[in-house]
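Under my numbering, the residues of the sequence shown are numbered 1 to 164, in order. Working notes, beginning with the structure itself.
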Amino acid sequence: MKKVLASVLTVFAVVVAAPAQAAPAAQEVVLVTTLTSVGTSLNTIGNVKYGWNDLKGVANWGKESVSIRLQGDVAYKNDSGPFNGYFTITKADETQLAFHVDGQALPVPVSGGIRTNFRGVMNFLQGSGAYSNAQSTGTMIGAREAAIGSPVKMTLRFTVVPRV
1 MKKVLASVLT
11 VFAVVVAAPA
21 QAAPAAQEVV
31 LVTTLTSVGT
41 SLNTIGNVKY
51 GWNDLKGVAN
61 WGKESVSIRL
71 QGDVAYKNDS
81 GPFNGYFTIT
91 KADETQLAFH
101 VDGQALPVPV
111 SGGIRTNFRG
121 VMNFLQGSGA
131 YSNAQSTGTM
141 IGAREAAIGS
151 PVKMTLRFTV
161 VPRV
């Protein structure tokens with residue numbers, strides 16, 4: 001009996017003394033890009049513009065180049081209003097992160113025309129590879145210097161915690 005008890009206590013001591021696995025570190029990511037429209041279908045009735053736009057761009061995630069795709073829809077009145085859509089961020093190894101974005105567009109008069117500013121909240125949907133079942137949240141800001149469908153300068157900021 002003493003031998004069994006000693007064996008059990010030894011196993012228990014090894015399990016308790018084993019180092020705990022460190023939780024994955026949160027990564028602060030800032031992606032700066034210019035998104036260009038690769039497809040669009042917009043309609044105008046009176047002062048309302050609505051429809052969808054498919055935009056693509058590239059950015060640097062640390063030393064790695066990533067592609068960014070925004071599939072979005074708009075419902076603007078007097079060039080202002082809500083938009084939403086989906087960001088897909090693809091790394092060189094084909095790892096992807098997907099976000100839903102809810103945002104607002106606000107036109108601002110500038111000399112020579114109108115600049116449209118964008119702000120939105122990014123909600124993480126899912127990832128693949130190291131980001132499968134990760135946790136993430138973020139924001140996006142951007143601006144367009146010309147009509148809807150023109151290139152958009154955008155900054156995505158998010159924190160992602162990979163899951164082990």
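Ideal Cβ positions, reconstructed from N, Cα and C, are used throughout, including at glycine. All values reported here derive from a predicted model rather than from experimental measurement.
Suppose contacts are defined by Cβ-Cβ distances below 8 Å. Is residue i in contact with residue j by that definition?
i, j, result
"Y131", "V101", "no"
"D73", "T116", "no"
"L97", "S37", "no"
"T33", "M122", "no"
"F158", "G127", "no"
"I141", "F124", "no"
"I68", "F87", "yes"
"N84", "G103", "yes"
"T95", "G129", "yes"
"A59", "L31", "yes"
Quickly, what does DSSP pair residue i with across the bridge? List them, please.
i, result
"G81", "A105"
"R163", "For R163, which the question treats as bridged, DSSP gives no partner whatsoever."
"T36", "K56"
"D73", "W52 and N84"
"A98", "T88 and Q126"
"G113", "V110"
"G120", "G103 and M140"
Determine the closest residue to residue i out of the options, with distance taken between C-alpha atoms.
i, options, result
"A46", "V38, N117, S37 and K77", "For the record, residue 46 in the displayed sequence is Gly; it is not Ala. G46 has its Cα closest to that of K77, out of V38, N117, S37 and K77."
"G39", "M140, G149, R157 and R163", "G149"
"Q71", "N60, L35 and E64", "L35"
"K56", "G112, I89, R163 and Q27", "I89"
"K49", "V152, G112, P162 and A147", "A147"
"K63", "A92, N53 and A75", "A92"
"V66", "A134, P24, V29 and P162", "V29"
"W52", "R163, G120 and L42", "L42"
"F171", "L156, V110, Q27 and P24", "Lying before the first or after the last residue shown, residue 171 is absent from the chain, which here runs from 1 to 164."
Could you check if residue i is buried or exposed, using at least 16 other CB atoms within 10 Å of its CB as the buried criterion?
i, result
"A105", "buried"
"V152", "buried"
"R144", "buried"
"A25", "exposed"
List, from N- to C-terminal side, the beta strand (DSSP E) runs of 3 residues or more that fit wholly inside the segment 127-158.
135-144
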